[in-house]
Structures are given as C-alpha cells and as structure tokens.
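S.K.: The numbering of the sequence shown is this note's numbering, which starts it at 4 and goes up by one.
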Amino acid sequence: MPRRRRFASSAGSSLHNSAKRLVAGGDSTVTVTTVQGTSVLVSGDYTANAEVAVGDLVELESTNTVRKARPDQANPKQLIGFCVEKTGSNCKVQYGGEFTFPVGSPALQPEGTYFARSNGTISTTAPTGGLLYVVGRARNSSTIIITIAEPIHLS
4 MPRRRRFASS AGSSLHNSAK RLVAGGDSTV TVTTVQGTSV LVSGDYTANA
54 EVAVGDLVEL ESTNTVRKAR PDQANPKQLI GFCVEKTGSN CKVQYGGEFT
104 FPVGSPALQP EGTYFARSNG TISTTAPTGG LLYVVGRARN SSTIIITIAE
154 PIHLS
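1. To the nearest angstrom, how far is it from the Cα of T50 to the Cα of I149?
2. For L63 and T131, I'd like the C-alpha separation in whole angstroms.
3. On a Cα-Cα basis, can you pick out the residue from F102, T124, E101 that is closest to K71?
4. In the DSSP assignment, find the beta strand (DSSP E) that holds I151 and state where it starts and stops.
5. Can you tell me whether DSSP reads N122 as helix, strand or coil?
6. When burial is assigned at 16 or more other CB atoms within 10 Å of the CB, is P113 buried or exposed?
7. Any idea if Q97 is buried or exposed, counting beta-carbon neighbours within 10 angstroms, 16 or more meaning buried?
8. Contact check, V57 vs P105 under 8 Å by CB: the rounded distance?
9. Is it right to say G107 is buried, meaning 16 or more other beta carbons lie within 10 angstroms of its own, or is it exposed?
10. Would you mind reading off the limits of the beta strand (DSSP E) that contains E62?
11. Please state if the CB of F118 and the CB of V87 are separated by a distance shorter than 8 Å.
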C-alpha cells in the first residue's frame, strides 16, 4: 500500500493527500517539484512511436516506450500521463499537475471530469467497456488538472 503524505496547497487554504506511486518503466530523467517541502514527481522522458503527438494521453508500451492510450482495447497497458513535449521519438510525459493543450486542440468543458478514451483521446463521456480511467478535471477550456486514478475494470 502506498505511503500517503499530506501537504498544504499553494494557496495554503486546505490540505490535500498525495500518494507516491512508482511508474513501471521510464528512465532516470524526471522532473520533481517541491510543494511546501514535499517532492512531487511530475514528468519523465520516454521514447514514443511516431503516432504519439503533444496532447495525447499515453500508456507504457514497454519499458521506457509509450504509445497512445488504448484503455478500450484487449490487453491495455498502464496509462501514465499526457505527452507534453515531443522531438523526434523523444517524449516528455506529464503525470500530474496542470497541462495546457496546444493551440488548435479541441476545447475542454470547464469543470468537466475527463476519462481516457481510445487512441490517446479524452472525453467527458465515460466508457462502457474496457478500463475506466478518470484522468483529470478541466480548469478552463484549454487546461486540465491531471489526476490519473487507478482504473476500474468494466468488462
């Protein structure tokens, strides 16, 4: 069972629980943010196949390699976050915090809860089969607050 830590929000008005979760794969290049004295892992560098683009929700295809998330397919992999930067096959994946989608991306529904869907996409409509992942809540029409929850097996 993960050890839980409590830390004050940046606003200092309330407390939040944060569970440290180790992600299988990834390499030693990670970004760690300190919030009120607590270190929080927010991103890591991976190799991505050609189909992955900035803004895609990704899952581990193999150690250190990501692909577009496919939670509705047979044998889905572990969903880990959003591709936030990509150069060639190098991809930075953000696991938590706020992410602003690139210009030209579909608008988010502010305050909407978002679920993982097929082909690396997200939607406010929950899936009816496969794995149900809550991946975050829209802060506004272009920014999501990433909070990837453990999946619920629907079928």
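Glycine included, C-beta positions come from ideal geometry on N, C-alpha and C.
Quantities reported herein were computed from a predicted structural model and do not represent experimental measurements.
M.R.: Based on what the coordinates show:
1. Here residue 50 refers to the residue found at position 47 when the sequence shown is read from its first residue. Here residue 149 refers to the residue found at position 146 when the sequence shown is read from its first residue. Going by the C-alpha atoms only, they are around 21 Å apart.
2. Translated into the one-based positions of the sequence shown, residue 63 becomes position 60. Translated into the one-based positions of the sequence shown, residue 131 becomes position 128. Looking at the two C-alpha atoms, the distance is approximately 22 Å.
3. Within the sequence shown, residue 71 is the residue found at index 68, counting from 1. It is T124.
4. Numbered from its first residue, the sequence shown carries residue 151 at position 148. For I151, no beta strand (DSSP E) segment is defined, and its DSSP state is neither H nor E.
5. Counting from 1 along the sequence shown, the entry for residue 122 is found at position 119. Reduced to three states, the DSSP call for N122 is helix.
6. As a position in the sequence shown, residue 113 is number 110, starting the count at 1. By the neighbour-count criterion, in which a residue is buried when 16 or more other Cβ atoms sit within 10 angstroms of its Cβ, P113 is exposed.
7. On the sequence shown, residue 97 is found 94 positions in, with the first residue counted as 1. So Q97 counts as buried.
8. Walking along the sequence shown from the start, residue 57 turns up at place 54. Walking along the sequence shown from the start, residue 105 turns up at place 102. With 8 Å as the limit, V57 and P105 qualify as a contact, their Cβ atoms being about 5 Å apart.
9. As a first step, residue 107 is located in the sequence shown; it is residue number 104 there, counting from the start. Looking at its Cβ environment, which holds fewer than 16 other Cβ atoms inside 10 Å, G107 is exposed.
10. The residue you call residue 62 lines up with position 59 of the sequence shown. If you look at E62, you'll find it in the beta strand (DSSP E) that goes 60-65.
11. Counting from one through the sequence shown, the residue named residue 87 turns up at place 84. Counting from one through the sequence shown, the residue named residue 118 turns up at place 115. Inclusion of V87 and F118 in the CB contact set at 8 Å is not warranted, their separation being larger than that value.
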